[in-house]
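Have a look at the structure below before the remarks.
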Amino acid sequence: MPETIPEPFVWDESFCVFYKQLDDEHKGLFQGIFDCAANKGDAGALKTLSDRVSKHFRNEEGAMDAASYECKDHKQKHKDFEAVLAGLSCPLADDKIHYAKDWLVNHIKGTDFKYKGKLKLAA
Numbered sequence: 012m013p014e015t016i017p018e019p020f021v022w023d024e025s026f027c028v029f030y031k032q033l034d035d036e037h038k039g040l041f042q043g044i045f046d047c048a049a050n051k052g053d054a055g056a057l058k059t060l061s062d063r064v065s066k067h068f069r070n071e072e073g074a075m076d077a078a079s080y081e082c083k084d085h086k087q088k089h090k091d092f093e094a095v096l097a098g099l100s101c102p103l104a105d106d107k108i109h110y111a112k113d114w115l116v117n118h119i120k121g122t123d124f125k126y127k128g129k130l131k132l133a134a
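Everything in the sequence shown is counted per our numbering, starting at 12 for the first residue and increasing by one.
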């Protein structure tokens, strides 16, 4: 069952994976999508979001690899989302903003939560 998209679209404790670095990066992804929604014509906001997503995915995947955590499907989900982001241009359509919000919420709570307690990062 899909998770509810919070409004306003901000990170809260219900998204905590209990690794400070990853939680901080997730907060940045929420802010990046929020900024894109507030400024649909701002290519800089979209670029910032894309950069944050790329950096976060590499960090998260690195942590999973370092812990020998099976993450092939997880990495594919990242790759698919990055492909969608790469295909976006401004002004952003409402359905694309909704997709990004929905994807992030459901990815954290449905996919990232599976690695809680299994990675070797500072809590």
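By construction, the Cβ of each residue, glycine as well, lies at the ideal position given by its N, Cα and C atoms.
Note to self: Suppose only complete runs of 4+ residues qualify. What are the alpha helix (DSSP H) ranges in the region 55–100, listed by chain order?
What the structure shows: 83–97
Next item on the list: Kindly list the residues whose CB is nearer than 8 angstroms to the CB of Arg63, restricted to its own chain and excluding five residues on each side of it in sequence; keep chain order.
Entry: The residue given as residue 63 occupies position 52 in the sequence shown. Closer than 8 angstroms at the Cβ level, and outside the excluded window around Arg63, lie Glu36, Gly39, Leu40, Gly43.
Item checked: Of the listed residues Ala74, Glu14, Ala49, Asp53, nearest to Leu130 (C-alpha basis) -> The residue labelled residue 130 in the question sits at position 119 within the sequence shown. Checking every option, the nearest Cα to that of Leu130 belongs to Ala74.
Note to self: For the pair the region 12–26 and the region 114–132, tell me if three or more CB-CB distances fall below 8 angstroms.
What the structure shows: yes
Check: According to the Cβ coordinates, are Lys125 and Phe29 closer than 8 angstroms?
Finding: As a first step, residue 125 is located in the sequence shown; it is residue number 114 there, counting from the start. As a first step, residue 29 is located in the sequence shown; it is residue number 18 there, counting from the start. Not in contact: Lys125 and Phe29 (Cβ atoms no closer than 8 angstroms).
Item checked: Ala133, buried or exposed, once every other Cβ within 10 Å from all chains shown has been counted against 16 -> Here residue 133 corresponds to residue number 122 of the sequence shown, with the count starting at 1. Classification for Ala133: exposed.
Check: With 16 as the cutoff for other CB atoms within 10 Å, does Ala111 come out buried or exposed?
Finding: Here residue 111 is taken as the residue at index 100 of the sequence shown, counted from 1. Buried is the call here.
Check: Exposed or buried, what is His109 when buried is set at 16 or more other beta-carbons lying within 10 Å of its beta-carbon?
Finding: For the purposes of this step, residue 109 is taken as the residue at position 98 of the sequence shown. Per the 10 Å Cβ criterion, exposed.
Note to self: Less than 8 angstroms between the C-beta atoms of Phe20 and Phe45, yes or no?
What the structure shows: Counted from its first residue, the sequence shown places residue 20 at position 9. Counted from its first residue, the sequence shown places residue 45 at position 34. For Phe20 and Phe45, yes; Cβs fall inside 8 angstroms.
Item checked: Cβ separation of Leu103 and Lys51, assumed to be a contact under 8 angstroms, to the nearest whole Å -> Position 92 of the sequence shown, counted from the first residue, corresponds to residue 103. Position 40 of the sequence shown, counted from the first residue, corresponds to residue 51. About 4 angstroms separates the two Cβ atoms, so the contact holds.
Note to self: Measuring only the C-alpha atoms, how far is Cys82 from Asp123?
What the structure shows: Residue mapping note: residue 82 aligns to position 71 of the sequence shown, counting from 1. Residue mapping note: residue 123 aligns to position 112 of the sequence shown, counting from 1. When rounded, the distance between both Cα atoms is 10 angstroms.
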